[in-house]
Each structure stands twice: as structure tokens, then as C-alpha cells.
Amino acid sequence: KQKAAQELGLSRQGLVKKLKRLAITG
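Per this note's numbering, the sequence shown runs over residues 5 to 30.
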């Protein structure tokens with residue numbers, strides 16, 4: 005469970021970075 009949660013957190017961080025990049029470029 006802990007490993008899955010870590011992967012989820014990492015993927016969520018990646019999504020946030022993508023959204024921030026889109027917001028800056030947009």
C-alpha cells in the first residue's frame with residue numbers, strides 16, 4: 005500500500021508540474 009501511495013504522489017506531482025507549465029505558457 006505504501007509503495008502504491010508513493011507512486012500516486014509522484015504521478016500527482018508530475019500532473020501538477022504539467023498543469024503549472026500549461027498555465028504559464030497559456
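From the three backbone atoms N, C-alpha and C, an ideal C-beta is built for every residue, glycine too.
Would you identify the three-state DSSP class for residue 5, choosing helix, strand or coil? Your numbering for residue 5 matches position 1 in the sequence shown. Coil at residue 5, not helix or strand.
Rounded to whole angstroms, what is the Cα-Cα separation between residue 7 and residue 29? As a first step, residue 7 is located in the sequence shown; it is residue number 3 there, counting from the start. As a first step, residue 29 is located in the sequence shown; it is residue number 25 there, counting from the start. Taking the straight line from one Cα to the other gives about 33 Å.
Tell me the rounded alpha-carbon separation between residue 24 and residue 14. Translated into positions along the sequence shown, residue 24 becomes position 20. Translated into positions along the sequence shown, residue 14 becomes position 10. When rounded, the distance between both Cα atoms is 15 Å.
Give the secondary structure of residue 30 by DSSP, where H, G and I count as helix, E and B as strand, and everything else as coil. Here the question's residue 30 lines up with position 26 in the sequence shown. Three-state DSSP puts residue 30 in coil, outside helix and strand.
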